[in-house]
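K.L.:
Letter by letter, the sequence shown follows residues 344 to 415 in the working numbering.
Heads up, the beta-carbon is just placed ideally off N, CA and C, and yes, glycines get one too.
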Amino acid sequence: MEDRWLSVNEIADHLCIKRDTVYKWISERQMPGHKIGRLWKFNKKEVDEWVKSGAAGEKDNEDPNPTKDRSK
344 MEDRWLSVNE IADHLCIKRD TVYKWISERQ MPGHKIGRLW KFNKKEVDEW VKSGAAGEKD
404 NEDPNPTKDR SK
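(1) Can you tell me whether glycine 400 is buried or exposed? The criterion is at least 16 other CB atoms within 10 Å of its CB, across all chains shown.
(2) Within 10 angstroms of the Cβ of lysine 354, are there 16 or more other Cβ atoms? Answer buried if so, exposed if not.
(3) Report, in whole angstroms, the separation of the C-beta atoms of methionine 374 and tryptophan 393, which I expect to be a contact under 8 Å.
(4) Quick check on isoleucine 369: does DSSP put it in helix, strand or coil?
(5) Looking only at its chain, what residues have a beta carbon closer than 6 Å to the beta carbon of lysine 384, apart from the 5 residues adjacent to it on each side?
(6) Starting from leucine 382, trace the beta strand (DSSP E) both ways and give me its first and last residue.
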């Protein structure tokens with residue numbers, strides 16, 4: 344049965360990312376997940392759709408240290 348809820352470790356393994364990244368994506372990128380008590384649980388189909396929509400990588404393209412325009 345493939346509709347079971349996945350833990351933080353399981354969804355991190357599924358996405359080949361670290362568990363810290365899962366928590367970061369929950370807080371900064373609205374990764375779809377459900378908090379049950381103190382545990383986060385994830386629906387694999389929801390997360391896969393979220394990744395396919397591009398939401399997982401939307402901030403990766405931003406330059407954290409943009410170069411200053413020195414031509415002025």
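P.N.:
In terms of the structure at hand:
(1) As a position in the sequence shown, residue 400 is number 57, starting the count at 1. Glycine 400 should be labelled exposed.
(2) Position 11 of the sequence shown, counted from the first residue, corresponds to residue 354. Note that residue 354 corresponds to isoleucine in the displayed sequence, not to lysine. Isoleucine 354 comes out buried.
(3) Indexing the sequence shown from 1 puts residue 374 at position 31. Indexing the sequence shown from 1 puts residue 393 at position 50. The pair is a contact, with the Cβ atoms about 6 Å apart (cut-off 8 Å).
(4) The residue given as residue 369 occupies position 26 in the sequence shown. In this structure, isoleucine 369 counts as helix in the three-state DSSP scheme.
(5) Working through the sequence shown from its first residue, we reach residue 384 at position 41. Trp348 and His377, listed in sequence order.
(6) Walking along the sequence shown from the start, residue 382 turns up at place 39. Looking at the DSSP string, the run of the beta strand (DSSP E) that includes leucine 382 is 382-384.
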